[in-house]
Amino acid sequence: MAQYEAVIGLEVHVQLDTVSKLFCSCSTVFGCPPNTNVCEVCLGMPGVLPSINREAVHYAALVGLATNCTVNLRSVFARKNYFYPDLPAGYQISQYDLPVCEHGFLRIQVAGNEKTVGIIRIHLENDTGKNIHAQNENVSYVDLNRAGTPLVEIVSEPDMRSAAEVVIYLKTLYSIVTYLGVCDGNMEEGSFRCDANVSLRPMGATFLGTRTELKNINSFRNVQRAVEYEIVRQQDILDGGDIVKQETRLYDAVKNVTHAMRSKEEAHDYRYFPDPNLLPVEINPDDLATWRAGLPELPKERLARFKDMTGLPEADIEILVQHARIADFFEKAAAMSDPRKCANYMIGPLLRECHAHNLPVDPACWVMKPEALAELVRVVDSGVISAKIANDIFGELFSNGAMPEAYITENGIGQISDSGALEEAVDAVIAENPAEVAAFRGGKTKLSSFFVGQVMRATKGKANPALVNELLNKKLC
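Laid out in structure tokens, this is it:
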């Protein structure tokens, strides 16, 4: 890549978490039997009239406000004409000349530096259905349950220069839409997916190269791998003296390759024209002011506040704010005990358990509650158990949802903090190891860890380490 620069822009499709579809009252619930959440409108029957979902307009405006866009008080729906089996009407209702939001930007952190990625437009449109290609049959099926589900498409400027920047931008955008509550964020179900436009140009050039569009990628890892592959593929083509074809390509995650799907369409290929069945969308200025005032605390602001609360590095805090539910979990626990220690348990042992059990980093999938995490911090601080014991039992607490105090009592693992009982154990260890005592008193002070270990072994790990050290210093010195 020494002689080329990658130029990348994204079209991110965010499925809005409304109860009903964009132009009819059909349910948007995922996973229902095929072709059951459908009606004449989303099936594209002749003569039917769509009716706009007000909540979808509200959600689209929220996304615009949170991404520094101008929210247009008047926007227009258009017909985007193309033919595909999962598009029953033969056209998609989208927005073109007058979208609901435009001229925004996102600031992202890249290698410690701030980078601004421009947002050209955010427009509303209805989703298509879904084609299902049977592996062992020479047949394809069409499920139209998804057809008509409201989407916003967020179109960026071609401001990204690497796959790493693409992932950072996507994660930033993902956090925003999930914090707003406008999207459930389920990437496996297609709630958040993107098309990536990738081109190369000579390093230092200002013109744009020929781009290819990588279609419908729905995980951060696959986006990164697909873009990285496409950059190398285009470089090989240019190095060989050939030209890159403008086309739409699909990414095969199993083989880690992209392959041609069709030639890339331009706007004129879709023959956009205003939808004659839909009036322009008019947003009341008072409603927009209310929506702006009601914006929740967004990830960037929450990160700054959590950093002040805990004093931890920004890289650690980013783990806590990546999803609103994770941040809410931490906030509840931190309100009941030491915030820094709660954060460290979440970043360390809790993430470890998620990976060990192949669980998403999402409190909705955990049995452990914030109250249990806060109580664990408190019992360690009060000396009921040591930090080592807390780490040892964390897996059990995470898996069974037990409250720490009850678990400690039931299993008899409370820490020994009685000075009389510990003094007997210390005296016994000193009496059993005269050579080590003499060496310690002769200047080998590193042997203090040996004595602590012996006392911990004698008490089966239950001794209060701070008290053990205090007694040993008193008796050995």
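Okay, so the sequence shown: first residue is 12 according to the numbering used here, each after it adds one.
Cβ atoms here follow ideal geometry from the backbone N, Cα and C, with glycine treated the same way.
Under the three-state DSSP convention, the category Tyr240 falls into
Residue state for Tyr240 is assigned as helix, using DSSP reduced to three classes.
Mind checking whether Ala100 and Gly55 have CB atoms under 8 Å apart?
Yes, Cβ-Cβ distance for Ala100 and Gly55 is below 8 Å.
Would you say the region 153-168 touches the region 17-25, given that touching needs at least three Cβ pairs under 8 Å?
Segments in contact, yes.
Can you give me the Cβ contacts of Leu219 inside the same chain, cut-off strictly under 8 Å, excluding the 5 residues immediately before and after it?
Within the same chain, and ignoring the five residues on either side of Leu219 in sequence, the residues whose Cβ sits closer than 8 Å to its Cβ are Val18, Pro169, Ser210, Arg212.
What separation, rounded to the nearest whole angstrom, lies between the Cα atoms of Met12 and Gln246?
In this prediction, Met12 has a pLDDT of 46, which is less than 50 and means its spatial position is unreliable; what the coordinates show is noted afterwards. If I take the Cα positions, the gap works out to 7 Å.
For the alpha helix (DSSP H) that contains Ser430, what are its first and last residues?
First-last of the alpha helix (DSSP H) with Ser430: 430-443.
Could you give the distance in angstroms between the alpha-carbon of Glu416 and the alpha-carbon of Met467?
Rounded to whole angstroms, Glu416 to Met467 spans 21 Å at the Cα level.
Measuring only the C-alpha atoms, how far is Gly115 from Glu258?
Using only the alpha carbons, I get a separation of about 27 Å.
7 Å Cβ shell around Lys91 - same chain, five flanking residues per side excluded
Taking C-beta separations shorter than 7 Å and ignoring five residues to either side along the sequence, the partners of Lys91 in its chain run Tyr102, Gln103, Ser105, Tyr281, Tyr283, following chain order.
Could you compute how far the alpha carbon of Asn197 sits from the alpha carbon of Asn137?
Between Asn197 and Asn137, the C-alpha separation is close to 18 Å.
Buried or exposed by the 16-neighbour rule on C-beta atoms within 10 Å, applied to Glu443:
Exposed is the label assigned to Glu443, since fewer than 16 other Cβ atoms lie within 10 Å of its Cβ.
Segment contact flag, the region 448-462 with the region 408-422, C-beta cutoff 8 Å, min 3 pairs
With the rule of 3 Cβ pairs closer than 8 Å, the region 448-462 does not count as touching the region 408-422.
Identify which residue in Cys43, Ile133, Gly123, Glu51 has its Cα closest to the Cα of Thr78.
Residue Ile133 is the option with its Cα nearest to Thr78.
How about Asn475 and Gly394: are their beta carbons less than 8 Å apart?
Taking the C-beta atoms as reference points, Gly394 is found nearer than 8 Å to Asn475.
Taking 8 Å as the CB-CB cut-off, is Gly215 touching chain D?
Here chain D cannot be found, since the structure has a single protein chain.
CB-CB under 6 Å to Ala436, same chain, minus the five flanking residues each way: which ones, in chain order?
The answer, listed in chain order, is Val466, Ala469, Thr470.
So for Ile130, helix, strand or coil by DSSP?
Strand.
Can you name, in chain order, every residue of its own chain whose Cβ lies under 8 Å from the Cβ of Val332, other than the five neighbours on each side?
Closer than 8 Å at the Cβ level, and outside the excluded window around Val332, lie Ser186, Pro310, Arg313, Leu314, Phe317, Ala338.
Inter-residue Cα distance where the pair is Ser31 and Ser173
Computed Cα separation, rounded: 38 Å.
Any idea if Tyr93 is buried or exposed, counting beta-carbon neighbours within 10 angstroms, 16 or more meaning buried?
Exposed: under 16 other Cβ atoms inside 10 Å.
Compare the Cα-Cα distances from Met347 to each of Leu384, Met214, Ala326 and report the closest residue.
Ranking Leu384, Met214, Ala326 by CA distance to the CA of Met347 puts Leu384 first.
I'd like the list of long-range same chain contacts for Val87, defined as Cβ closer than 7 Å, with 5 residues on each side in sequence excluded.
Hits under 7 Å: Gln106, Asp108, Leu109, Pro285, Pro291.
Neighbourhood of Leu76 by C-beta distance below 7 Å, restricted to the same chain and skipping five residues each side
Sequence-distant partners of Leu76 (beyond 5 residues in either direction) whose C-beta falls short of 7 Å from its own C-beta, in its chain, are Val82, Trp302, Arg303, Leu306.
Just the C-alpha distance for His368 and Phe405, rounded to the nearest angstrom, thanks.
Cα to Cα, the separation comes out at about 13 Å.
How long is the line joining the alpha carbons of Glu447 and Glu407, rounded to whole angstroms?
Rounded to whole angstroms, the separation of the alpha carbons of Glu407 and Glu447 is 38 Å.
Since I believe Leu155 is in contact with Asn288 (beta carbons under 8 Å), could you give me their beta-carbon distance rounded to a whole number of angstroms?
Wrong, their Cβ atoms sit about 19 Å apart, outside the cutoff.
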